[in-house]
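For the record, in the sequence shown the residue sitting at position 108 is 107 according to numbering that gives the first Met the number 0, with numbers rising by one throughout.
Read through the structure below, which is laid out as structure tokens, and then see the notes.
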Amino acid sequence: MPQKSDFLVSTAPVRHEIETPAGTLVAFVRPLSWIQQQEALSRFVDFGAATEDGNPQIDFGGYWRYVFGRCIEKTEPEFTPDELMELSPEVGAEVQKVLPSIFDIVTSFASGAGPLG
0 MPQKSDFLVS TAPVRHEIET PAGTLVAFVR PLSWIQQQEA LSRFVDFGAA TEDGNPQIDF
60 GGYWRYVFGR CIEKTEPEFT PDELMELSPE VGAEVQKVLP SIFDIVTSFA SGAGPLG
């Protein structure tokens, strides 16, 4: 299905062949929209659940659960969303390389492209 406008994020997934210690994994990855980037950031930093010293609570796991669920449309071999949460650390480290990085999102917001800028 063609994209309706250059103003909208593409909904077409991009095919990635990922070489992992366990073999090749193919992942079809969709980009995050601007609002989904906001949601991903909210899963990473929680100002409401500040630590005792007043710093926001950081949750990398929450961020990656959100991104894996939103961005990975399908895999070969086929994994369910629950199975994707069980990837070995070595395989997960390779898969994250084709997904939106929290650091890229934070940097784009800090440069004025989002609510932190």
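Note that CB positions come from ideal geometry on N, CA and C, so glycine has one too.
The model shown is predicted, which means the values in this text are computed figures rather than measured ones.
Alpha helix (DSSP H) segment containing residue i, residue limits
i	result
A21	Segment: none, A21 is in no alpha helix (DSSP H) and carries neither H nor E.
T106	I101 to S107
E82	P80 to L83
F6	Here F6 belongs to no alpha helix (DSSP H), and DSSP marks it neither H nor E.
P88	P88 to V94
L191	The chain is shown from 0 up to 116; residue 191 falls before or after that span and cannot be answered.
G68	F59 to C70
Rounded straight-line distance, which links the Cα of residue j to that of residue i
i	j	result
E82	A21	15 Å
S100	S107	11 Å
E51	E75	44 Å
V8	L31	7 Å
M84	D5	33 Å
Q56	P88	23 Å
E18	N54	38 Å
Nearest residue (CA-CA) to residue i, options the options
i	options	result
C70	D52, V13, F102 and T23	V13
V90	L24, F78, T79 and G68	L24
E77	S9, F27 and G53	F27
Q35	E85, H15, W63 and E16	W63
A109	R29, T10, Q37 and K96	Q37
S41	R29, G53, N54 and D58	D58
Q95	G60, T10 and W33	G60
V105	S87, F43 and A92	F43
E93	H15, A11 and W33	H15
L98	K73, W33, F67 and L86	F67
Endpoints, the beta strand (DSSP E) within which residue i is located
i	result
E77	Run containing E77: none; DSSP gives neither H nor E here.
Residues bridged to residue i (per DSSP)
i	result
R14	F27
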